[in-house]
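Visitor: Residue numbers (this note's numbering), protein chains in the order written: chain A, 508 to 617; chain B, 23 to 135.
Even glycine gets a Cβ: it sits at the ideal position worked out from N, Cα and C.
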Amino acid sequence: GQQVMQIPQYQHVQEGEDFTTYCNSSTTLSNIQWYKQRPGGHPVFLIQLVKSGEVKKQKRLTFQFGEAKKNSSLHITATQTTDVGTYFCRSGAGSYQLTFGKGTKLSVIP
Amino acid sequence: EAQVTQNPRYLITVTGKKLTVTCSQNMNHEYMSWYRQDPGLGLRQIYYSMNVEVTDKGDVPEGYKVSRKEKRNFPLILESPSPNQTSLYFCASSFWTDNSPLHFGNGTRLTVT
């Protein structure tokens, strides 16, 4: 399946600071999805991006899909302790093999 | 309630003793998949199924078997478990593959000694 590189692997932030995780691909993606996994939980779907340059917001979360559809980012403004968890991107390119990035584990220091 | 149900949640077994992890979904999803999650390696796909009687290998299929005799069930079989299969396993389903969100089960933590 499509290979996506996700960075950083870990991020520690002070509560109130911003956080960004990136997913990069060497090939064009048809869409990208983002998931959040709380500690001890299972991944939960957050959002899907399909169009080139697309930007979507969910409260303090902003998701972007690059113009070339080869990269995406998830930005959290003013992190809270409830944002703790691992964030995964998943690439889709018309393949039945669904590829996840390795995830970014976010820790928030109160 | 729409959900993906995995059982058991926790399993400790010994090398070589066959085991099955069950997965069932009540959303009439066509697509089902198994993943294993290991520290630093993210979610790696083991097997997937596009429909009844249609299964295919993912990225790490060695040592695993699956079957899809009914649309709602997709069991994961370890014929002869080994310690390197100690991991957290997730079953997931979706209506289709590319544009549908995946719904995950709660996970099965397997320890093979």
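By a C-beta neighbour count over all protein chains shown, 10 Å radius and 16 as the cutoff for buried, is Pro103(B) buried or exposed?
Guide: Taking the first residue of the second sequence as 1, we reach residue 103(B) at position 81. Per the 10 Å Cβ criterion, buried.
Visitor: If we define contact as Cβ-Cβ less than 8 Å, is Gly573(A) a contact residue for chain D?
Guide: Of the chains in the structure shown, none is chain D; the protein chains are A and B.
Visitor: Against chain B, with Cβ distances strictly below 8 Å, would Gly621(A) count as a contact?
Guide: Residue coverage of chain A in this structure runs from 508 to 617, which leaves residue 621(A) outside it and unanswerable.
Visitor: With C-beta atoms as the reference, is Leu125(B) less than 8 Å away from Val43(B)?
Guide: Position 103 of the second sequence, counted from the start, is the residue given in the question as residue 125(B). Position 21 of the second sequence, counted from the start, is the residue given in the question as residue 43(B). Here residue 125(B) turns out to be His, not Leu, going by the sequence shown. No. Outside cutoff.
Visitor: Please list the residues of the segment 514-526 of chain A that have a C-beta atom closer than 7 Å to any C-beta atom in chain B, keeping them in chain order.
Guide: Flagged: no residues at all.
Visitor: Check for me: the beta strand (DSSP E) holding Gln587(A) runs from which residue to which?
Guide: For the purposes of this step, residue 587(A) is taken as the residue at position 80 of the first sequence. Counting along the chain, Gln587(A) falls outside any beta strand (DSSP E), and DSSP gives it neither H nor E.
Visitor: Since Ser116(B) and Tyr69(B) are thought to touch, with beta carbons under 8 Å apart, how far apart are those beta carbons, to the nearest angstrom?
Guide: Numbered from 1 along the second sequence, position 94 holds the residue referred to as residue 116(B). Numbered from 1 along the second sequence, position 47 holds the residue referred to as residue 69(B). Not really, about 15 Å apart at Cβ, beyond 8 Å.
Visitor: Per DSSP, which one or two residues make a beta bridge with Leu100(B)?
Guide: Locating residue 100(B) in the second sequence gives position 78, where the first residue counts as 1. Per DSSP, Leu41(B).
Visitor: Using a C-beta cutoff of 8 Å, does Leu98(B) count as contacting chain A?
Guide: Counting from 1 along the second sequence, the entry for residue 98(B) is found at position 76. By this cut-off, Leu98(B) is not an interface position.
Visitor: Identify the continuous beta strand (DSSP E) that holds Val551(A) and give its terminal residues.
Guide: Against the first sequence, residue 551(A) aligns to sequence position 44. Taken as a continuous stretch (DSSP letters only), the beta strand (DSSP E) holding Val551(A) covers Val551 to Leu556.
Visitor: Short of 6 Å in beta carbon distance, which residues of its chain neighbour Val562(A), apart from the five on each side in sequence? Order them along the chain.
Guide: Working through the first sequence from its first residue, we reach residue 562(A) at position 55. If we look at Val562(A) and ignore the five residues flanking it on each side, its Cβ neighbours are Gln571.
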